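To keep things clear, I will list the structure first and then write my remarks on it.
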Amino acid sequence: MKHSSKIGFSFGATSGIVTTLGLIVGLSASDASRTAIIGGVLTIAFTDALSDAFGIHISEESESTLSNRDVWIATVSTFITKIIFALTFLVPIIFLSSTLALIACIVWGILVLTLINYIIVPAHKRWQVISQHLFIGMIVVIVGFIIGQYIRNVFV
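As structure tokens, this is what we get:
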């Protein structure tokens, strides 16, 4: 995989998984309806993908190590990858009960994040990096849960 594609894929996939999972857990904890959760996932899939792609574009331009073409490859691959990974979370939400969907989304997120890291990280430090990334991902999920609980307790 070309370096610019790897940048977009790794960032887009990680962000797509962690951001969407944090949103789903937070909305679920706030007792949001299935429709609200689906709307949240669709919104984050597209708007956050555009935002992240724009951020990667500016970041890569500022480093001046990639050609203009490679900057655009990183930008587009971030956008597409983020959308695809975020939208995969809709499958359990649409087809399973709320509790099962939440569990399935968490398991799916952990599995895919582990697999992506397993593929991208060099073998000699693979499990250390996977552990760190899963820990950070779980912090995002826990923060989403806490915010969702707060919203439910204060505003509902």
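Residue numbers 0 to 155, in numbering that gives the first Met the number 0, belong to the letters of the sequence shown in order. In this text, a Cβ means the ideal position worked out from N, Cα and C, and glycines have one as well. Here the structure is a predicted model, which is why all the values come from computation and not from measurement.
Residue from the options whose Cα sits closest to the Cα of residue i
i    : options             : result
T87  : I23, M0, G7         : I23
V140 : I109, I6, Y117, V75 : I109
I82  : H2, S3, G7          : G7
Q148 : G21, K1, A12, I93   : G21
Whether residue i touches residue j by CB criterion (8 Å)
i    : j    : result
F144 : G25  : yes
A103 : P91  : yes
S9   : I72  : no
S14  : D69  : no
N116 : V128 : yes
F182 : A12  : Nothing about residue 182 can be read from this structure; the chain reaches only from 0 to 155.
Terminal residues of the alpha helix (DSSP H) in which residue i lies
i    : result
T46  : Element bounds for T46: n/a, residue is neither H nor E.
M137 : 125-154
P121 : Where P121 is concerned, there is no enclosing alpha helix (DSSP H), given that its DSSP letter is neither H nor E.
A73  : 67-87
Local conformation of residue i per DSSP, three classes
i   : result
K5  : helix
S32 : coil
S97 : helix
Interface flag, residue i vs chain D, CB-CB below 8 Å
i    : result
V140 : This model lacks chain D altogether, as it is built from one protein chain only.
- Message: I want to know whether the segment 58-75 touches the segment 30-44 - three or more CB-CB distances under 8 Å.
- Response: no
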